[in-house]
Structure formats: structure tokens, C-alpha cells
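**Q** Dropping a structure here in C-alpha cells format, bear with me for questions.
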Amino acid sequence: MASTEAAPPPGGALIRPAVAADAAALAAFAAQAFHDTYAADNDPQDMRDHAARHFGAALQAAEIADPQARTWVAEHGSTIVGFLQTGPEPPPSHENGVGSLRRLYVAAAWHGRGLARELVETACAEAAARGWRGLWLSVWERNPRAIAFYAKSGFADVGATRFAVGNDLQRDRVMLRRF
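1 is the number of the first residue of the sequence shown in the UniProt record's numbering; add one for each residue after it.
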């Protein structure tokens with residue numbers, strides 16, 4: 001298991017493991033970050049449905065408590081400015097022994113400040129400590145900025161999968177970083 005000591009990344013945010021008391025603030029941050037990232041290209045009802053299914057406070061509390069998952073928050077003062085979550089889900093491929101980078105979001109005001117890179121490295125350190133040989137993720141094929149960021153962070157495009165946003169079944173790129 002990775003250290004639970006918080007480490008300040010560049011830009012003044014502090015990354016630490018999430019705790020149960022973070023659930024409501026994390027749910028609000030996650031829903032807003034998802035909206036900010038994808039609302040311009042998606043149906044508003046699909047966005048609301050997705051947020052309701054994936055970002056509620058009770059769900060965040062359950063995910064924080066899940067011993068198979070790891071959730072980390074990045075804070076500036078007492079405000080969440082980013083988070084990540086890893087889990088044991090196998091990729092939609094024949095790769096064995098890797099975990100998933102389920103979620104990684106950074107507030108728009110923090111883009112370009114090194115926080116996303118620090119969150120990726122936190123996820124990779126956590127995964128390696130759990131004995132995984134790599135991490136996979138899926139990223140919407142219409143998000144070239146994120147795809148370029150993950151490629152720069154050592155993830156290779158290894159295929160495609162489907163991802164539902166509400167009733168809209170979209171195509172995601174599957175990316176893998178081996179350790």
C-alpha cells in the first residue's frame with residue numbers, strides 16, 4: 001500500500017487519501033468537473049443522468065470505504081481541486097495483472113500547474129505498491145487534450161471500449177501504462 005502521508009505537489013495543492021468526511025464535497029467536485037469537461041458536447045439530460053448515477057455523496061462514501069479501491073483528493077486549503085481513484089477492474093483486453101485508473105479530474109483553474117501529473121504519479125505508485133504491473137484507463141476519443149496528457153504521462157493507446165453517458169453510448173480510447 002502507498003504511504004498515506006500527504007505530499008504537496010507543484011502549485012500548492014496537497015494530495016491525500018480521501019476519508020469518509022470527504023464524500024459530499026468530493027461528489028460535488030466530481031459532478032462539477034465532469035460537467036465542465038463534457039457538457040458542451042453532450043445532451044443535458046444525459047449529463048444529469050450520468051451525474052446522478054456516478055457522483056452522489058452516498059456513492060462516493062461507498063467508494064472511499066471500498067477496500068479494493070483507492071481514492072485520493074487534492075486540496076488547496078479546504079477546497080478539493082482534483083481527485084483520482086484506482087480500482088482492480090481488469091481492462092477490456094487480454095492484459096493481466098493491471099489495475100484501473102477509474103477517475104482523474106482536476107479543476108480547470110488548476111490545469112497546466114502540474115497537479116494532474118502528480119495525481120497520475122500518485123495513482124501509479126499506489127498501483128505498484130498493490131503489486132499491479134500497470135494501470136489502464138479509458139478516455140473519450142473526443143477529448144484530445146486528455147489523450148495527449150495521458151500519452152505524455154506514459155500511457156499507450158491499446159484499443160477502444162464503450163462508455164455510457166446517460167443514454168449515449170460513446171467510444172473511449174483504452175490506454176495502458178506498464179510499470
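For each residue, glycine too, the CB sits at the ideal point set by N, CA and C. In this text the structure is predicted, and so the values were computed from the model without any measurement.
Between the Cα of residue 78 and those of 16, 146 and 46, spot the shortest distance and give me the residue it belongs to.
**A** For this step, residue 78 is matched to residue 78 along the sequence shown. Considering only alpha carbons, the answer is 16.
**Q** Secondary structure at residue 163, three-state DSSP: helix, strand or coil?
**A** Numbered from 1 along the sequence shown, position 163 holds the residue referred to as residue 163. In this structure, residue 163 counts as strand in the three-state DSSP scheme.
**Q** With a floor of 4 residues, list each alpha helix (DSSP H) that falls wholly inside the region 42–121, ordered by position along the chain.
**A** 44–54 and 57–65
**Q** With DSSP as the reference, please indicate the residues paired to residue 174 in a beta bridge.
**A** On the sequence shown, residue 174 is found 174 positions in, with the first residue counted as 1. Bridge partners of residue 174: 138 and 159.
**Q** From residue 165 to residue 26, what distance separates their C-alpha atoms?
**A** For the purposes of this step, residue 165 is taken as the residue at position 165 of the sequence shown. For the purposes of this step, residue 26 is taken as the residue at position 26 of the sequence shown. Roughly 19 Å between the two C-alpha positions.
**Q** Under 6 Å Cβ to Cβ from residue 141, same chain only, skipping five residues before and after it: list those, please.
**A** By one-based count along the sequence shown, residue 141 stands at place 141. Hits under 6 Å: 171 and 173.
**Q** Can you tell me whether DSSP reads residue 133 as helix, strand or coil?
**A** Along the sequence shown, read from residue 1 onward, the residue named residue 133 stands at position 133. Here residue 133 sits in coil by DSSP.
**Q** Cβ atoms of residue 60 and residue 31: under 7 Å apart, would you say?
**A** Translated into the one-based positions of the sequence shown, residue 31 becomes position 31. Translated into the one-based positions of the sequence shown, residue 60 becomes position 60. In this structure, residue 60 does not lie closer than 7 Å to residue 31 by Cβ.
**Q** Select from 127, 46, 178 and 110 the residue whose C-alpha is nearest the C-alpha of residue 81.
**A** The residue given as residue 81 occupies position 81 in the sequence shown. When each option's Cα is compared against that of residue 81, the closest is 110.
**Q** Mark residue 93 as exposed unless 16 or more other C-beta atoms lie within 10 angstroms of its C-beta, in which case mark it buried.
**A** By one-based count along the sequence shown, residue 93 stands at place 93. So residue 93 counts as exposed.
**Q** My assumption, with CB atoms under 8 Å, is that residue 115 sits in contact with residue 74. Please give the rounded CB distance.
**A** The residue given as residue 115 occupies position 115 in the sequence shown. The residue given as residue 74 occupies position 74 in the sequence shown. With 8 Å as the limit, residue 115 and residue 74 qualify as a contact, their Cβ atoms being about 6 Å apart.
**Q** Taking the CB atoms as reference points, tell me whether residue 71 and residue 127 lie closer together than 7 Å.
**A** Taking the sequence shown and counting its residues from 1, one reaches residue 71 at position 71. Taking the sequence shown and counting its residues from 1, one reaches residue 127 at position 127. The answer is no: Cβ separation not under 7 Å.
**Q** What's the call for residue 144, buried or exposed, on a 16-neighbour Cβ count within 10 Å?
**A** By 1-based counting over the sequence shown, the position of residue 144 is 144. Classification for residue 144: exposed.
**Q** With a cut-off of 8 Å on the beta carbons, I'd call residue 177 and residue 135 a contact; round off their distance for me.
**A** Sequence index remark: in the sequence shown, residue 177 carries index 177 (1-based). Sequence index remark: in the sequence shown, residue 135 carries index 135 (1-based). The Cβ separation is near 5 Å, so the contact holds.
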